[in-house]
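Each protein sequence line maps, in turn, to chains A and B. With this note's numbering applied, the first sequence covers 12 to 149. With this note's numbering applied, the second sequence covers 311 to 430. For every residue, glycine included, the Cβ atom is placed at its ideal position computed from N, Cα and C. Every value quoted in this text rests on a predicted model; they were computed, and no experiment measured them. Structure first, commentary second.
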Amino acid sequence: MDNLQSATGIRVPIANGEAIVSARQQAREVANSIGMSTNEATMIATAVSELARNIIDYAGEGELIIDVATNGAQRGVLVIVCDQGPGIPNLDDAMLQGFSTSGGLGLGLPGVRRIMDEFDIQTSRNEGTTVMVTKWKR
Amino acid sequence: MIPILQQSEILIATVESALTDVDLQKLSKALVGKVGQSRARGVILDLTALDVLDSFASRMLRDLSDMIRMRGAETVIVGIQPEVAFSMVQLGITLENVTTRLDLEEGLEYLNKASRNGRG
C-alpha cells in the first residue's frame with residue numbers, strides 16, 4: 012500500500028456526514044458503471060458507509076478512494092480508506108463481531124469483511140489505518 | 311428538512327433522498343417533539359427512497375422507536391427496499407424491537423388496528 016499517493020480512481024475526502032453520503036453515492040455509480048446488480052451496488056455502498064464512518068468516529072478525517080478493479084476478465088469495485096488517526100490498538104478484537112470501542116454496534120469491520128470479497132487492513136499506532144476492500148462482479 | 315404530515319392521530323415522515331447523520335438526528339428530534347404537540351398515537355417513517363441503511367442509521371431508528379414509545383406512541387418503519395434489507399442482514403444489522411411493514415398502506419393499517427384495539 013506504499014503506492015496510495017499514485018492510486019487512480021475517485022478520491023473523496025472524508026470529514027463529515029455529507030462526505031459519507033457522497034462517498035456511497037460515488038461507489039454506487041462505479042458499481043453501476045461496470046454493470047453490477049442493485050444488490051451488489053447496495054452492499055458496496057453500505058460497506059463504504061461503514062468504513063467512512065469509522066474514519067470520522069476514530070480518526071476525525073481521512074480519504075476514501077474508489078476505483079474499478081480488474082483481475083483478468085473479472086471486474087469489480089476497489090475501495091481504499093485511509094486515515095492518519097490513532098490506529099487500532101487491538102486489531103484482533105476489532106475484527107470480532109460485537110466488539111466496539113466507540114459505543115457503536117461493533118459491526119463495522121467484521122460486517123464489511125463479510126459483504127466484500129477481499130479485505131485487507133493495515134494499522135499502526137499513531138500513524139493511521141488503511142483498509143482495502145474489493146467486491147467482484149458476479 | 312423532511313416534512314412531517316399528520317393524518318388524524320398518525321404522523322407520517324417520508325424520506326425522499328439520501329440522509330446524512332445530521333438529517334436523521336434532526337428528523338428524530340422533530341418527531342419526538344411533534345408526538346406531544348399533535349398528541350399522535352403513531353409515527354410512520356417511510357424509507358422507500360433510502361438506498362443505504364448502515365449500522366449508525368439503524369441504531370438511530372431503534373433509538374427513535376424507543377423514544378417515541380416513551381412518549382406514548384408507536385413507530386412503524388415502512389418501505390425498506392429488498393437490496394437494503396439484504397445488505398443489512400449481510401452486515402449483521404438487525405432492527406430488533408422496531409416494527410416494520412412493507413409500505414405506507416400496510417403501516418397505516420397496522421397503526422389504525424393497534425389504535426382501535428387499544429381503546430376497544
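- Counting C-beta pairs with one atom in each stretch, the region 22-33 of chain A and the region 55-67 of chain A have three or more that are closer than 8 Å, which means they touch.
- Taking C-beta separations shorter than 8 Å and ignoring five residues to either side along the sequence, the partners of THR57 (chain A) in its chain run ARG35 and ILE126, following chain order.
- Counted as a single uninterrupted DSSP element, the alpha helix (DSSP H) harbouring ASN65 (chain A) occupies residues 49-65.
- For the region 388-403 of chain B, the set of residues with a beta-carbon nearer than 7 Å to any beta-carbon of chain A comprises GLU393, VAL394, PHE396, SER397, GLN400, LEU401, GLY402 and ILE403, in chain order.
- For GLU61 (chain A), the closest Cβ of chain B is nearer than 9 Å.
- Under the DSSP definition of a beta bridge, ILE314 (chain B) partners with B:ALA323.
- The Cβ of SER425 (chain B) sits no closer than 9 Å to any Cβ of chain A.
- In the structure shown, the three-state DSSP call for ALA105 (chain A) is helix.
- When C-beta distances to chain B are compared with 7 Å, the residues of the region 50-81 of chain A below that value are ASN50, THR53, MET54, ALA56, THR57, SER60, GLU61 and ARG64, in chain order.
- Inter-residue distance for GLU51 (chain A) and ARG124 (chain A) is about 14 Å (C-alpha atoms, whole angstroms).
- Interface flag for THR330 (chain B) against chain A is set, since a Cβ pair is found closer than 9 Å.
- In the DSSP assignment, SER33 (chain A) falls within the alpha helix (DSSP H) that extends over 28-44.
- The beta carbon of GLY122 (chain A) falls within 9 Å of a beta carbon belonging to chain B, placing the residue at that interface.
- In the structure shown, the three-state DSSP call for ILE378 (chain B) is helix.
- If you draw a straight line from the Cα of THR53 (chain A) to the Cα of ARG39 (chain A), it is about 7 Å long.
- In the structure shown, the three-state DSSP call for GLU406 (chain B) is coil.
- With the rule of 3 Cβ pairs closer than 8 Å, the region 389-402 of chain B does not count as touching the region 90-107 of chain A.
- Counting C-beta pairs closer than 8 Å gives fewer than three between the region 317-331 of chain B and the region 68-80 of chain A, which falls short of the contact rule.
- Legend: CB atoms of the region 350-379 of chain B lying less than 9 Å from CB atoms of chain A belong to residues ASP361, VAL362, LEU363, ASP364, SER365, PHE366, ALA367, SER368 and ARG369.
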